[in-house]
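In my numbering, the protein residues as written are 3 to 275. Glycine residues also receive a C-beta, built at the ideal position from the N, C-alpha and C atoms.
Given below as structure tokens:
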């Protein structure tokens, strides 16, 4: 069994995959902000969910920069240089394969591989508590840009230069409109949200020029409400020589990360075989 763990800014999702790649166990809990509490809570849930079942690998995702098994910088969790893999191996044993990767990279990996024909280049953007990004080339995480952080791109909005996620994330939308995305009915409000989201894409599309953009996360779940407005903004403001890429909703807006965790574990286990 491969266990996938999507560590989000507010919630953590655990999913257990059997040998056929089907999810047999799923559980969600509040993400503790203190690293020590996170490890303790995670271990408690793993024991309760899987007991004596044989785990072949643990594959974790976190919202931030990772390097060599360390969560180097996860601002939405307040984590810096947190050695997650070392801590888990200390508790679970050194022989258990444990993999750590950025959540947007993993979600992008899953979404890119879900296409009938894998795109040459795919930009995955998750819009939830914050904004994360992953760049997938030919169905694989682009290691040269494995720590892309589009949400922290500095962009002018409303006369102020600020980070993209500070005004376009799900959290920013809630703070601005005092409503969860699912409760927003106003067409005008969705036009404004599309404008906020478009600002970041207008900055990154000319540089990356992806074949496909996939939008996931909690805001990705409502893509149909702003899809038309977003495409109109991009067509209006992108230079003529820059094509507007195909933009689609994630097939699994809320679960893409755990699917990516699973694929990543398979890839890593195969590479070590």
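Assuming residue 77 and residue 95 make a contact with CB atoms under 8 Å, what is their CB distance in whole Å? Stepping through the chain shown from its first residue, residue 77 is reached at position 75. Stepping through the chain shown from its first residue, residue 95 is reached at position 93. The pair is not a contact, with the Cβ atoms about 31 Å apart (cut-off 8 Å).
So, using beta-carbon positions, are residue 6 and residue 45 closer together than 9 Å? If you number the chain shown from 1, residue 6 lands on position 4. If you number the chain shown from 1, residue 45 lands on position 43. Contact: no.
Within its chain, find whatever has a CB closer than 6 Å to the CB of residue 122; leave out the 5 residues flanking it on each side and keep chain order. Along the chain shown, one-based indexing puts residue 122 at 120. Contacts found: 213.
Would you call residue 29 buried or exposed, if buried means 16 or more other Cβ atoms sit within 10 Å of its Cβ? Here residue 29 corresponds to residue number 27 of the chain shown, with the count starting at 1. Under this definition residue 29 is an exposed residue.
Delimiting residues of the alpha helix (DSSP H) encompassing residue 30: Indexing the chain shown from 1 puts residue 30 at position 28. Counting along the chain, residue 30 falls outside any alpha helix (DSSP H), though it belongs to the beta strand (DSSP E) covering 25-32.
Collapsed DSSP secondary structure at residue 126 in the structure displayed: Within the chain shown, residue 126 is the residue found at index 124, counting from 1. Reduced to three states, the DSSP call for residue 126 is strand.
Return the first residue and the last residue of the beta strand (DSSP E) that residue 8 is part of. Here residue 8 refers to the residue found at position 6 when the chain shown is read from its first residue. First-last of the beta strand (DSSP E) with residue 8: 4-9.
Are residue 85 and residue 72 closer than 9 Å when you measure CB to CB? Position 83 of the chain shown, counting from 1, holds the residue named residue 85. Position 70 of the chain shown, counting from 1, holds the residue named residue 72. Cβ atoms of residue 85 and residue 72: closer than 9 Å.
In this structure, does DSSP put residue 150 in helix, strand or coil? Working through the chain shown from its first residue, we reach residue 150 at position 148. Coil at residue 150, not helix or strand.
How is the alpha helix (DSSP H) around residue 167 delimited, first residue to last? In the chain shown, residue 167 corresponds to position 165, counting from 1. Here the alpha helix (DSSP H) through residue 167 covers 166-170.
Which stretch, first to last residue, makes up the beta strand (DSSP E) that contains residue 215? Taking the first residue of the chain shown as position 1, residue 215 is located at position 213. Residues 214-218.
Could you compute how far the alpha carbon of residue 31 sits from the alpha carbon of residue 90? Counting from 1 along the chain shown, the entry for residue 31 is found at position 29. Counting from 1 along the chain shown, the entry for residue 90 is found at position 88. Between residue 31 and residue 90, the C-alpha separation is close to 18 Å.
Candidates 92, 93, 69, of which the one nearest residue 82 by Cα: On the chain shown, residue 82 is found 80 positions in, with the first residue counted as 1. Residue 82 has its Cα closest to that of 69, out of 92, 93, 69.
Work out the CA separation of residue 43 and residue 14 for me, nearest whole Å. Counted from its first residue, the chain shown places residue 14 at position 12. Counted from its first residue, the chain shown places residue 43 at position 41. Between residue 14 and residue 43, the alpha-carbon positions lie close to 10 Å from each other.
Between the region 204-212 and the region 125-137, do at least 3 Cβ pairs fall closer than 8 Å? yes
Beta-carbon proximity check, residue 137 vs residue 144, cutoff 9 Å: Working through the chain shown from its first residue, we reach residue 137 at position 135. Working through the chain shown from its first residue, we reach residue 144 at position 142. Contact: yes.
In whole angstroms, what separates the C-alpha of residue 200 from that of residue 53? Within the chain shown, the letter at position 198 stands for residue 200. Within the chain shown, the letter at position 51 stands for residue 53. Rounded to the nearest angstrom, the gap between the Cα atoms of residue 200 and residue 53 is 46 Å.
Buried or exposed: residue 198, going by 16 or more other Cβ atoms within 10 Å of its Cβ? Taking the chain shown and counting its residues from 1, the one referred to as residue 198 is at position 196. With 16 or more other Cβ atoms within 10 Å, it is buried.
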